[in-house]
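Here's the structure, in structure tokens; my notes come after.
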Amino acid sequence: MANDDGIALISDARRGAADGAPYESPAWARLAHSADTRNFAANWLDIQCRAFDGVIRGVVVLRGAESAGFAPVAVWPEGIEGSPRLVAVVERSLRERAVAVDGVTRHARRQDPVFLAHPVQVDDELFGTAALEIEGRSETAVRELIQRLGFGLGWLEALARRKTFTSKARLVTVLELIATSLQHARFQAAATAVATELATTFGCERVSIGFMRGRHIRVKALSHSAAFAAKTNVVRAIEAAMDEAADQSATVVYPARGDGPFQVTRAHAELLQQHGTGAVCTVPLTAGPEVLGALLLELPAGAEFDARTVELCQHAALLVGPVLDVKRREDRWIGTKAFDSAARQWRHLVGPRHVALKLWVLLVALLVGFFSVVEGDYMITANASLEGKVQRAVTAAMQGYIIEARARAGDVVRKGDLLAAMDDRDLRLERQKMVSQAGQQESERRQAIAEGNRARAGILEAQSGQIRAQMALIDEQIARTRLIAPFDAVVVKGDLSQSLGAAIERGNVLFELAPLDTYRVIMKVDERDITSVKVGQSGRLALTAMPQEDIRLTVDKITPVSVVDEGRNFFRVEAVASGVIDKLRPGMEGVGKIGVERRKLIWIWTHKLTHWVRMWIWSWWP
Numbered sequence: 001m002a003n004d005d006g007i008a009l010i011s012d013a014r015r016g017a018a019d020g021a022p023y024e025s026p027a028w029a030r031l032a033h034s035a036d037t038r039n040f041a042a043n044w045l046d047i048q049c050r051a052f053d054g055v056i057r058g059v060v061v062l063r064g065a066e067s068a069g070f071a072p073v074a075v076w077p078e079g080i081e082g083s084p085r086l087v088a089v090v091e092r093s094l095r096e097r098a099v100a101v102d103g104v105t106r107h108a109r110r111q112d113p114v115f116l117a118h119p120v121q122v123d124d125e126l127f128g129t130a131a132l133e134i135e136g137r138s139e140t141a142v143r144e145l146i147q148r149l150g151f152g153l154g155w156l157e158a159l160a161r162r163k164t165f166t167s168k169a170r171l172v173t174v175l176e177l178i179a180t181s182l183q184h185a186r187f188q189a190a191a192t193a194v195a196t197e198l199a200t201t202f203g204c205e206r207v208s209i210g211f212m213r214g215r216h217i218r219v220k221a222l223s224h225s226a227a228f229a230a231k232t233n234v235v236r237a238i239e240a241a242m243d244e245a246a247d248q249s250a251t252v253v254y255p256a257r258g259d260g261p262f263q264v265t266r267a268h269a270e271l272l273q274q275h276g277t278g279a280v281c282t283v284p285l286t287a288g289p290e291v292l293g294a295l296l297l298e299l300p301a302g303a304e305f306d307a308r309t310v311e312l313c314q315h316a317a318l319l320v321g322p323v324l325d326v327k328r329r330e331d332r333w334i335g336t337k338a339f340d341s342a343a344r345q346w347r348h349l350v351g352p353r354h355v356a357l358k359l360w361v362l363l364v365a366l367l368v369g370f371f372s373v374v375e376g377d378y379m380i381t382a383n384a385s386l387e388g389k390v391q392r393a394v395t396a397a398m399q400g401y402i403i404e405a406r407a408r409a410g411d412v413v414r415k416g417d418l419l420a421a422m423d424d425r426d427l428r429l430e431r432q433k434m435v436s437q438a439g440q441q442e443s444e445r446r447q448a449i450a451e452g453n454r455a456r457a458g459i460l461e462a463q464s465g466q467i468r469a470q471m472a473l474i475d476e477q478i479a480r481t482r483l484i485a486p487f488d489a490v491v492v493k494g495d496l497s498q499s500l501g502a503a504i505e506r507g508n509v510l511f512e513l514a515p516l517d518t519y520r521v522i523m524k525v526d527e528r529d530i531t532s533v534k535v536g537q538s539g540r541l542a543l544t545a546m547p548q549e550d551i552r553l554t555v556d557k558i559t560p561v562s563v564v565d566e567g568r569n570f571f572r573v574e575a576v577a578s579g580v581i582d583k584l585r586p587g588m589e590g591v592g593k594i595g596v597e598r599r600k601l602i603w604i605w606t607h608k609l610t611h612w613v614r615m616w617i618w619s620w621w622p
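Quick note: the sequence shown uses my numbering, first residue 1, plus one each step.
The structure is reproduced here in structure tokens:
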């Protein structure tokens, strides 16, 4: 394809040249067969310098393909030393993007050289310049020479246009292939679309895409084919050719080009011989050093792969291969993904490199082995709360009104302390009335005795006793208006400070008291652990208010009835606390641990998980 472009450029130049240069010279033949930029520029410069009279030296400076810098690509004659004045003219032409001339005088002499440089521009973009050093001549002759040189620069401009179009076309082709691979969500559709796009772009008879499965490549997509038989002879031959290229980790072209390296092409030759295609090119699909698969292109009879097509295929495979491989991996069954991931990690573990993974696995193995041997105390953990062992209720002995409240929930009281008082004014008035009646009865009784009326005296004596009994009842009721703490305790419940003057009924619970010297711990043990709890087991309690205190526990009672809390079943276990009793208060909460026995550490940390797995399997097992 490069030679054809060169011949086309020569044909265009022949039609547009202004002078009668010898086009059938050997230099023209070399220019027609120039395969790269340097050869083309050297042959072009040789033609120009020989076509003009009095040329001393010439140079062509072009912009590099991979950078924005300019560098000489051709010098005439070869091996001649450079000229500082010629270099200055070249730099001025590139800087000003215009024709630069130096050395032209009114009375020119042949021994006074003239230096001129003409820029090469395409679409207002500077690609380089061509400069000549010639023998001295008149200003008119120099102007005519510049015009003729400008006609000749059309060849270099055409070369620049060809290079620009080629690089852009390659980029567009690769981007279209990437867009095609990303357009489809599923791997099979994306791979088939990419193969079809490649076949259409390069005029291929068939394009195949294959990926590694085990140690061999398997064809996954064929151009213009939504489905194909994986065991046909042609598919097997294609897979053999792909394996051949993958084993060599290089692009294989058959028939091989004369300037290419030596490669094994036996499978490619068999594919070409059996199925009659014109040429085969196989490009491995890689991701770093790993070979993912291969891309195989087959041209029809009489066609061959040129260097540019092979290079473009390599670029496309480099970018499209990883995209298709990601889609292929995502389309697999989840079990296959898990197996492949495990296999890959196993290869990393037993293979070279991946030292960090090996160290982590070794550390985990040592820890598992250690915890499988060492024993520890197996303790059942449960949320716990503190209650008084005995709770006394202080109730209202009669109807009345609260006039005083000295204690409320949370207060510590001592035996005999006043908790609250009720209004006793009505009782005291009633008692005063009874006292008056008792005095009157006593006077009448004495008068009856003085008169000797024994019957009346007996009646009055009985009435006096009745009044005294009523007075004793009133005294007892007055005493009951004062609510006294029966023992040293803490007020667990009750606050009458906000109810002064309120009426209360007989039997209303006004306070609840708990003793300060005896407590019980209520623990909610999960139903999964209740079978390991027995009466008499010891443990420890850590309260939220005093996590640093060591409080000993002894299991006293296991309630055989479960309660539901937060969607889980718990059993109420009562334990007796001992230790810092003077600091404890009813209602405190914390975490209790009941010691069971010594077991392996790995069992202690994993038994809940294994229990859950067993129950899950049992629930689904037929």
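All C-beta atoms in this analysis are idealised placements derived from N, C-alpha and C, irrespective of residue type, glycine included.
Treat the numbers as computed from the prediction; the structure is a model and nothing was measured.
- In this structure, the straight-line span from the alpha carbon of T105 to that of E304 is close to 57 Å.
- Beta bridge pairing from DSSP links V252 with T282.
- Exclusion of the five residues before and after L116 leaves V89, V99, A100, V101, D102, A131, L132, I134, V142, L145, I146, L149 as the residues of its chain whose Cβ lies within less than 8 Å of its Cβ.
- Cα atoms of F202 and A301: separation of roughly 14 Å, rounded to the nearest angstrom.
- Per DSSP, the unbroken beta strand (DSSP E) holding E133 starts and ends at 125-134.
- Taking the CA atoms as reference points, I474 sits about 9 Å from M434.
- For the pair of segments examined, the region 536-551 was found not to touch the region 337-356: the number of CB pairs separated by less than 8 Å stays below three.
- In this structure, L419 places its C-beta atom within 8 Å of the C-beta atom of A407.
- D495 carries a strand assignment under DSSP once its states are collapsed to helix, strand and coil.
- The alpha-carbon separation between R85 and T173 amounts to approximately 45 Å.
- Taking C-beta atoms under 8 Å as the contact rule, I478 and A438 fail to qualify, at a distance of about 16 Å.
- With contact defined as three or more Cβ pairs closer than 8 Å, the region 381-396 and the region 496-514 are in contact.
- Under the three-state reduction of DSSP output, I178 falls in the helix class.
- Between F570 and the set T559, T544, E527, E597, the nearest pair of CA atoms involves E527.
- M242 and T286 have their C-alpha atoms some 13 Å from each other.
- Taking C-beta atoms as the reference points, K389 and R520 count as a pair closer than 8 Å.
- When C-alpha distances from G590 are compared across L541, V219, T606, V280, the shortest belongs to L541.
- Sequence-distant Cβ neighbours of R456 in its own chain, meaning closer than 7 Å and more than five residues away, are A448.
- Ranked by Cα distance from I558, the options K583, K524, L543 are led by K524.
- Bounds of the beta strand (DSSP E) holding V207 are 206-213.
- Taken through DSSP and simplified to helix, strand or coil, M546 comes out as coil.
- Under the DSSP definition of a beta bridge, W76 partners with G58.
- Boundaries cannot be given for H354, as no alpha helix (DSSP H) includes it and DSSP labels it neither H nor E.
- For the beta strand (DSSP E) assignment, the uninterrupted runs of no fewer than 3 residues enclosed by the region 503-582 are, from N- to C-terminal side, 509-515, 519-526, 538-543, 551-565, 568-578.
- As for any beta strand (DSSP E) of minimum length 3 sitting wholly inside the region 382-409, the runs are 392-395, 400-405, ordered along the chain.
- From the listed residues Q537, V55, P622, G592, the smallest Cα separation to G136 is found for V55.
- According to the DSSP secondary-structure assignment, L483 is paired through a beta bridge with A420.
- Taking C-alpha positions only, Q183 is separated from F211 by approximately 20 Å.
- Distance from the Cα of F262 is smallest, within the candidate group G278, A245, Q188, for A245.
- Using a Cβ distance threshold of 8 Å, V283 and L292 do not count as a contacting pair.
- Contact between the region 481-489 and the region 333-343 is not established, with fewer than three Cβ pairs separated by less than 8 Å.
- If you look at A191, you'll find it in the alpha helix (DSSP H) that goes 187-202.
- Nearest Cα to R425 within the set V122, N39, G400: G400.
- When G587, S181, R57 are compared, the shortest CA-CA separation from A193 is found for S181.
- Within the DSSP bridge table, the entry for R218 names F211 as partners.
- Assigned with DSSP and collapsed to three states, S341 falls in helix.
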